[in-house]
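Taking our numbering, the leading residue of the sequence shown gets 422, the next gets one more, and so forth. A virtual CB, placed ideally from N, CA and C, is assigned to each residue, including glycine.
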Amino acid sequence: MGISMPIRLLVAALVVCSLPLRAQDALAPNPEGAILVGTVTDSNNEAVGGATVVLENSKGEAGQKLITGDNGFFEFHDLQPGVSYHVTVTAPELAPLTSPDFAVEPHQYKILPNVQLRVPTAITTVEVSQTPVEIATEEVKIEEKQRVFGIIPNFYVVYEKNPAPLTTKLKFRLAFKVIADPVTFAGVAMLSGMQQAGDTPDFGQGAQGYAKRFGANTADAFTDIMIGGAILPSLLHQDPRYFYQGTGSNQSRLWHALSTPFICYGDNGKRQPNYSSLGGDLGSSAISNLYYPESNRGAKLVLGNFAMSTGTRALSGVVQEFVLRKLTHRPGEHQFSRD
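What follows is the structure in structure tokens.
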């Protein structure tokens with residue numbers, strides 16, 4: 422898949438309306454420095470609110486400090502690449518924890534996993550380690566809360582530089598999360614309204630015509646995201662998410678975005694032909710023959726819908742790369758006060 426369905430639906434609606442992407446949006450400035458996030462829990466995996474989290478460099482110099490909210494989440498901004506950091510966490514009645522030293526990359530959205538405080542019995546050593554499946558699950562939990570303007574789902578974008586590969590269960594989980602989101606249906610309704618105004622496909626006018634367009638677009642969205650975002654990625658071992666680049670020249674970032682429908686990352690972390698995305702678009706377009714009007718069926722419908730889906734996916738990649746990063750709300754933002 423690569424791009425969240427609501428984002429693509431809204432982009433498709435804009436394409437129908439012939440509203441071009443503004444060139445100045447493609448030059449939006451990038452946020453500076455890296456971001457570190459994590460969740461403080463106890464031995465029962467319950468969130469620990471009121472914990473003190475201190476970020477220091479390896480020289481022990483004074484750094485950032487914050488107090489977690491009820492959800493135990495913390496987030497530090499403006500970490501510098503090439504500097505070694507560690508985090509110290511303390512909370513009443515729990516043993517303190519100091520993480521191993523770590524470094525960040527430019528513009529990285531780094532997750533510090535398994536920040537777990539235990540009840541002190543004597544001297545407890547806490548090792549911060551997780552399996553790839555556990556790390557991927559935590560990353561998906563954060564992605565499921567990513568929303569543009571805090572409203573529009575942006576679940577299918579990865580800001581982490583080296584994300585853990587998704588399991589089949591997580592791929593289907595993301596797909597169903599997008600399908601069931603109310604904003605997805607709002608995007609379908611908007612696109613259906615645009616088609617109603619243009620009297621396409623040949624479903625007729627009035628409430629009945631709109632209902633048929635809404636049903637067809639809902640079916641298109643469901644088959645596209647399930648085939649291209651869950652079924653084929655699971656069978657072919659490919660990652661359906663969009664991998665935000667964020668660094669390099671505008672030309673390299675533009676090429677990265679436009680190549681999204683054709684090149685993806687496999688579960689092995691290597692780039693490869695995006696058979697999942699192309700297969701999902703083609704399969705969904707072929708299935709459309711079952712419920713579109715007879716006058717709109719055939720190769721023209723399949724190729725037309727395939728071209729529209731692939732084109733909007735590429736355009737959505739450009740919007741994702743240059744515009745949505747600074748507009749996407751992620752868990753923990755503006756929730757903590759800093760000392």
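Taking C-beta to C-beta, are residue i and residue j nearer than 8 Å?
i	j	result
tyrosine 506	glutamate 581	no
valine 504	leucine 518	no
proline 654	lysine 592	yes
aspartate 645	glycine 701	yes
proline 682	asparagine 695	yes
isoleucine 563	glycine 459	no
tyrosine 712	valine 579	no
glutamine 617	arginine 634	yes
tyrosine 577	proline 502	no
asparagine 575	isoleucine 428	yes
isoleucine 572	valine 604	yes
threonine 731	arginine 568	no
glutamate 560	proline 584	yes
Can you list, in chain order, the residues of its chain whose CB lies under 6 Å from that of residue i, leaving out five sequence neighbours each side?
i	result
phenylalanine 497	Leu457, Leu476 and Gln485
alanine 707	Val723
proline 586	Asp688
Apart from the five residues on each side of it in sequence, which residues of its chain come closer than 7 Å, Cβ to Cβ, to residue i?
i	result
leucine 675	Val739
glutamine 666	Arg674, His677 and Glu742
threonine 558	Leu591
Where does residue i sit, in a helix, a strand or coil, going by DSSP?
i	result
glutamine 537	strand
glutamine 626	coil
valine 740	helix
aspartate 499	strand
glycine 649	helix
glutamate 560	helix
glutamate 555	helix
isoleucine 708	helix
tyrosine 713	coil
serine 698	helix
aspartate 620	coil
glutamine 372	The structure shown does not extend to residue 372, since the chain is modelled only from 422 through 760, so no value can be given for it.
arginine 692	strand
glutamine 574	In the sequence under discussion, the amino acid at residue 574 is proline, which differs from the glutamine named in the question. Residue state, collapsed to three classes: strand.
valine 569	strand
alanine 468	strand
threonine 731	helix
arginine 443	Reliability of the predicted coordinates at arginine 443 is poor, the pLDDT of 37 falling under 50, and the value obtained from them is presented with this limitation in mind. If DSSP states are grouped into helix, strand and coil, arginine 443 belongs with coil.
Going by Cα to Cα distance, which pick from the options is closest to residue i?
i	options	result
alanine 512	Val540, Gln501, Glu526 and Leu533	Val540
threonine 509	Phe495, Asp499, Gln501 and Pro502	Phe495
glycine 725	Ser737, Asp491, Val744 and Ser705	Ser705
valine 609	Gly650, Ser479, Gly636 and Glu467	Gly636
threonine 588	Ser520, Met615, Ala601 and His658	His658
serine 698	Gln672, Thr733 and Asp602	Thr733
serine 736	Thr749, Asn466 and Leu679	In the sequence as presented, serine is not what sits at residue 736; that position holds leucine. With distances taken between Cα atoms, leucine 736 lies closest to Leu679.
Going by DSSP, which residues form a beta bridge with residue i?
i	result
glutamate 477	His507
alanine 512	Leu515
aspartate 463	Leu538
lysine 486	Val475
leucine 457	Phe497 and Lys531
glycine 687	Gln659
For a cutoff of 8 Å on Cβ pairs, would you count residue i as touching chain C?
i	result
leucine 487	Among the chains of the structure shown, chain C does not appear; only one protein chain is present.
Within a Cβ cutoff of 8 Å, which residues of the same chain sit near residue i, ignoring the five residues on either side of it in sequence?
i	result
valine 469	Val461, Thr462, Asp463, Thr489, Gly493, Ala512, Leu515 and Leu538
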